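Asker: Chains as they are written, first to last, in the working numbering: chain A, 651 to 746; chain B, 7 to 486; chain C, 567 to 1045.
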Amino acid sequence: MISRKDVEYVANLAHLKLAEKEKEEYTEQIGSIIDYVDKLKELDTENVTPTAYTVPMKNVLRDDKARESLNRKKTLANAPDKKNGLFKAPRIMSDN
Amino acid sequence: MATNYETVIGLEVHLQLSTESKIFCGCSTSFGADPNENTCPVCVGLPGTLPVLNKKVVDYAIMAGLALNCEIAEYSKFDRKNYFYPDLPKAYQISQYDLPVAQDGQIEIETEEGIFNIGVTRVHLEEDAGKLIHEGTIDKSTGSLIDYNRGGIPLIEIVSEPDMRSPAQARAYLTELKKTMEYLDISDCNMEEGSLRCDANVSLRPVGQKELGVKAELKNMNSFSSVEKGLEYEVARQKKLLDNNKEVVQETRTWDEKLNKTISMRGKEEAHDYRYFPEPDLVPLEISREWVAEINETLPELPREKYKRFISEFSLPAYDAGVLTGDKEMALLFEETISYFNDPKTISNWIMSEYLRLLNESELTVSASKIDAEGLGTMLKMVDDGVISGKIAKTVFEKMFETGDRPAAIVEEEGLKQISDSDKLAEIVNRIIADNPDAVEDIQAGKDRAIGYLVGQVMKETRGKANPGMVNKMLREKVK
Amino acid sequence: MEIYEMTIHQIRKLIEKGDITAQEVTEAYYNRIDNVESDVKSFISLTREKAEAQLDNLSDKKGILAGMPVGLKDNISTEGILTTCGSKMLEDYCPPYNATVTNKLQDAGAIFLGKTNMDEFAMGSSTENSFFHNTHNPWDLDYAPGGSSGGSAAAVAAGEVVAALGSDTGGSIRQPASYCGVVGFKPTYGSVSRYGLVAFASSLDQIGPITKDVTDSAIMMNVITGHDPHDSTSVNQDYPDYTDFLKEDVKGMKIGLPAEYFDIDFDNEVKESVLAAVKKLEDAGAEVEEVHLTGAEYALAAYYVIAPAEASSNLARYDGVRYGYRSEKDDDIKNMFTHTRHEGFGPEVKRRIMLGTYALSSGYYDAFYLKAQKVRTIIKEDFDNLFKDYDLIISPTAPTTAFKLGEKKDPLEMYHADIFTVPVNIAGVPAISIPAGFDSKGLPIGLQMIGPHFGEGKILQAAYTLEKILDINKKRVKL
């Protein structure tokens, strides 16, 4: 169960513009998935530590050595917009 | 009756670590490269790329933690802080949320009001974002340009407890922190260039009240003095509100250097829901006590310890000790000079007057200047031995500063040796007496000041090389 | 037998004997593509030029895959070659670098014929979520090939490539392999580098091979596994020669059948076929017992928290600034972000981003994300405990055989296609899907073998043995 307001809040966080129809659809679909996922509550996890890493590893480190960077042309090759070796994005409005 | 308020300040300081490569990729951290030249698929966040942690970055964070008397975590991990901004290539910043490298430390500071311990909540690692350049004006922006060279440069964030009670204390804390990090040599600590950044939380509460008042977060202060000024402004602003029974609103405010005031950024920010979760692309850190001990071995004497030692060991005034230890290289120069000339106070005087003046005039740092301990020490010894006069020494020192030549060579070459040969001096003194009968009369009439005039004439004649003590004595004897 | 019907090891023998050249092999496969691709539509892009360049450079190479025509799922980065992830968002994206597996295959002499179709950002179980087109199951073109590596599975089954790479986050290699009657292997998490694999859910994603038989699977595993300093989760250890395990021997091998999995209401033909195959293993000397695991439904529920949560973060970078699609509604940055993401992502991707964002958002983190990570511990420990006493666990790969294109509309219903495969990713263990028979419609049935962490060897040995006993994977599609 999830409200339309939740959907709007989440869409704003995820930076997804949703049409009114989509808001409705997502409220219902995500709601039913959330209901399904609620199954997890049936399991007692009182004294269980969470697992973020299934293969336990630690301290994977590299030496502080600089290597060559990527050719800037290649870095910028996929940019939708660029200028003078910089990526170009639309202006940032004060309410962003 | 007006309420008395207590100021409560906490600081969040970001420091760029001076490693050779970035925190999660091998791109160079060098300053001043052309835009986007120091980037690669990893630090531009191309799909499919993965971070690999730079070991030195962890070493440096441990070092900072130890210097700030923190507990170093045995288990630490990285988390993702999710938010959208065009300078953030992955739309999340790899940072540390609940398990930072170091926690629960403190640092001692000193102001005119006394000595205070400021708590350090945590020291954690994170990556820097890129740099945005706005096109057009702020009001009429036409777009923004992004340079990701800075993206992925390692940062430590040092968060203090809300332990500071005045803007002056905040400044002292920042100064002590900066000095400490400079001694560790882990960051350039340059606020103007952005390698040290500072945000402040400031609130007021009635004296005696335990709960904190409503705070404002202060950003965009680009120098130590703007931190102090910004905080002073903010304290006054909040006090005025409270005195008028108005409420302080929790908000972020930006310091405007030109207008000399803080401005509300309310409504200009997103709701903060960063959705932190453990970074699945990095494995946890287990920091063994051996690792910590190894780093501990490499810690230098810290500025505060050195300051105290300079006072006790060399009987220096606190002021001198403060100035000398304010710069690690200067403190080093001072201590090394002692082995060539064992008079700490004289060395200190010389460094704080002549040397600092020349450094300021030439805008050089101690390490970039040509003065070394041996040169300074032998020169001071020459003064002490009467080889050169104190006045000539200034000329010699300027030459040393300029060329890096040894003082003896300069004295030799320029013929600056002091004249202490009494026969030679007597000859000159006699001539000066003969040439200045008026002055002689004045002296005999009791106008003692005229002696100075005659000494000056002798010095002029000898281009400053005459031993002033001997000249003075001779004149007095001969004129009376 | 046609060349396009052969396996890697069969073709290699012919090349070694001098009966055929690498050029001829590639040509045979491109001819096959010319003949069937318009029906199957396995590929997003074909890379003939790249293949020819690789052939030209092959002369002095004696790699294990020298001259083998392979396909790469389109979420595996290939320098200078479109890597779209099946998404409008990356329709024109050409990576400036190679994934580690791309380099490994290239160094072994493989010839890249093309990039295969997939569900957008690997989210789906039918490849119908591709922005580009549907892929058709070569056994019956009305049916879906499964997903998300549907293009890779279909291309191998249709003989358009000899082998392909897929990626598996919740079953995306094994389930399409099962639907298309080929062999799909999901290795232990950390044994194949993820560097260059466009991330879906980082803690679950793993690259693996889709091949025509178990021997080829072992050969491909030899090429792609190994430590990679560019991937911090890549396990630094010695990896075995997987072909050493290609032995017809299951005597004394202990196999568990999880009661909780077989209790689920699923296709009877699938169940019977899998149980019949297990019986054959028992006849060959394996010891089979019923075992108990936490219900697969819980793993599926945990999966639909963890995977979308990680995805919501991994897919945040598609904002139209550095690469990929940018909306024309770009009067300011926020509008550009939101419209780009609205227009560039398909409905399933948006659904999962929304779900994952919700699960991580303030106030819900503990109830959803943290809870799911705890359930993950339970599931992982379950497997760890079982593998103290058992060598392998066997289950169906999927509850049904392939379903018709367009048949499944409800997202939750689609998610259930992964019920048996998802627990494996949650625990990080390895598993294979191999053909176990055909249903009455003539569609392939897949059997899944699961082993402990780094237990690939035993899996391959049992799979190889079963493949020999069943002798069904010589059967090829008729197109």
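Just so you know, even glycine gets a beta-carbon here, dropped at the ideal spot from N, CA and C.
The model shown is predicted, which means the values in this text are computed figures rather than measured ones.
Could you name the residues of chain B that A:V710 contacts, counting a contact when the two beta carbons are closer than 8 Å?
Answerer: V58, L59, L288 and V289
Asker: In whole angstroms, what is the alpha-carbon distance linking C:Y930 and A:K689?
Answerer: Going from the Cα of C:Y930 to the Cα of A:K689 covers about 15 Å.
Asker: What did DSSP end up calling C:T644 once you bin it into helix, strand or coil?
Answerer: strand
Asker: Report yes or no: do the segment 639 to 654 of chain C and the segment 748 to 768 of chain C share at least 3 C-beta pairs separated by less than 8 Å?
Answerer: Touching, yes, given that three or more Cβ pairs across the two stretches are closer than 8 Å.
Asker: With burial defined as no fewer than 16 other Cβ atoms inside 10 Å of the residue's Cβ, what is the status of C:I1025: buried or exposed?
Answerer: buried
Asker: With 8 Å as the limit, tell me which residues of the segment 793 to 808 of chain C have their beta carbon closer than that to any beta carbon of chain B; keep them in chain order.
Answerer: P795, H796, D797, S798 and T799
Asker: Suppose contacts are defined by Cβ-Cβ distances below 9 Å. Is C:M684 in contact with C:S715 by that definition?
Answerer: Yes, Cβ-Cβ distance for C:M684 and C:S715 is below 9 Å.
Asker: For B:Y98, which three-state DSSP category applies?
Answerer: Three-state result, B:Y98: strand.
Asker: Can you find at least 3 beta carbon pairs, one from the segment 744 to 751 of chain C and one from the segment 993 to 1010 of chain C, that sit closer than 8 Å?
Answerer: yes
Asker: Let me make sure I understand the geometry here. Which of B:T343, B:I457 and B:G16 has the alpha-carbon closest to that of B:V220?
Answerer: B:G16
Asker: Taking 8 Å as the limit between beta carbons, can you name the residues of its chain near B:E118, skipping five residues before and five after?
Answerer: The answer, listed in chain order, is A174.
Asker: When you compare only the Cα positions, how much space is there between C:I1035 and C:R614?
Answerer: So the two alpha carbons sit approximately 38 Å from each other.
Asker: In whole angstroms, what is the alpha-carbon distance linking C:F811 and C:F828?
Answerer: 28 Å
Asker: State the beta-bridge partners of B:T35 as determined by DSSP.
Answerer: None, per the DSSP bridge assignment.
Asker: Can you say whether B:I269 is buried or exposed, counting buried as having 16 or more other CB atoms within 10 angstroms of its CB?
Answerer: Exposed: under 16 other Cβ atoms inside 10 Å.
Asker: Below 8 Å between beta carbons is the criterion; list the residues of the segment 131 to 160 of chain B that meet it against any residue of chain A, in chain order.
Answerer: Answer in chain order: L138, I139, H140, E141, G142, S147, T148, G149, S150, L151, I152, D153 and Y154.
Asker: Return the residue from the list B:E132, B:E18, B:T371 and B:H140 that minimises the CA-CA distance to B:D194.
Answerer: For the residues B:E132, B:E18, B:T371 and B:H140, the minimum Cα distance to B:D194 belongs to B:T371.
Asker: Between C:V871 and C:Y935, which are expected to be in contact by the criterion C-beta below 8 Å, what is the C-beta distance as a whole number of angstroms?
Answerer: Approximately 6 Å separates the beta-carbon atoms of C:V871 and C:Y935; this is inside 8 Å, confirming the contact.
Asker: In chain B, which residues lie with their C-beta within 7 Å of the C-beta of A:A661?
Answerer: The premise fails here: A:A661 is roughly 13 Å from chain B at the closest Cβ pair, so nothing lies under 7 Å.
Asker: Who are the neighbours of A:M754 on chain C, taking C-beta pairs under 9 Å?
Answerer: Here chain A covers residues 651 to 746 and nothing more, so residue 754 of chain A does not appear.
Asker: Distance check for A:V705 and C:A784, CA to CA, integer angstroms please.
Answerer: Straight-line Cα distance between these residues: approximately 22 Å.
Asker: With three or more C-beta pairs closer than 8 Å as the rule, is the segment 719 to 727 of chain C touching the segment 935 to 955 of chain C?
Answerer: no
Asker: Do B:D104 and B:D134 have their C-beta atoms closer together than 9 Å?
Answerer: no
Asker: State the Cα-Cα distance for the pair A:R712 and B:C204, rounded to the nearest angstrom.
Answerer: 29 Å
Asker: Inspect the beta-carbon positions of A:L666 and C:F911 and report whether they are closer than 9 Å.
Answerer: yes
Asker: DSSP three-state label for C:Y808, please.
Answerer: helix
Asker: Hey, how far is the Cα of C:Y808 from the Cα of C:T693?
Answerer: Their backbone Cα atoms lie some 30 Å apart in a straight line.
Asker: Along chain C, which residues have their Cβ under 9 Å away from the Cβ of B:V50?
Answerer: R888 and Y889
Asker: Using the C-alpha atoms, what's the distance from C:T906 back to A:E658?
Answerer: 17 Å
Asker: Is B:G149 near A:R741, with beta carbons less than 9 Å apart?
Answerer: yes
Asker: Any Cβ of chain C within less than 9 Å of the Cβ of B:P41?
Answerer: For B:P41, the nearest beta carbon of chain C is not closer than 9 Å to its own beta carbon.
Asker: Run through chain C and tell me which residues come within less than 9 Å of A:L736, C-beta to C-beta.
Answerer: Close to A:L736, with beta-carbon spacing below 9 Å, lies no residue of chain C; the smallest spacing is near 11 Å.
Asker: Which partner residues does B:E257 have in the DSSP bridge list?
Answerer: B:A222
Asker: To the nearest angstrom, how far is it from the Cα of A:K708 to the Cα of C:T799?
Answerer: Our two residues, A:K708 and C:T799, have alpha carbons roughly 9 Å apart in a direct line.
Asker: Quick check: the Cα distance between B:F283 and C:L926, rounded to an integer number of angstroms?
Answerer: 8 Å
Asker: Is any beta-carbon of chain C found at less than 9 Å from that of B:R86?
Answerer: At least one chain C Cβ lies under 9 Å of B:R86.
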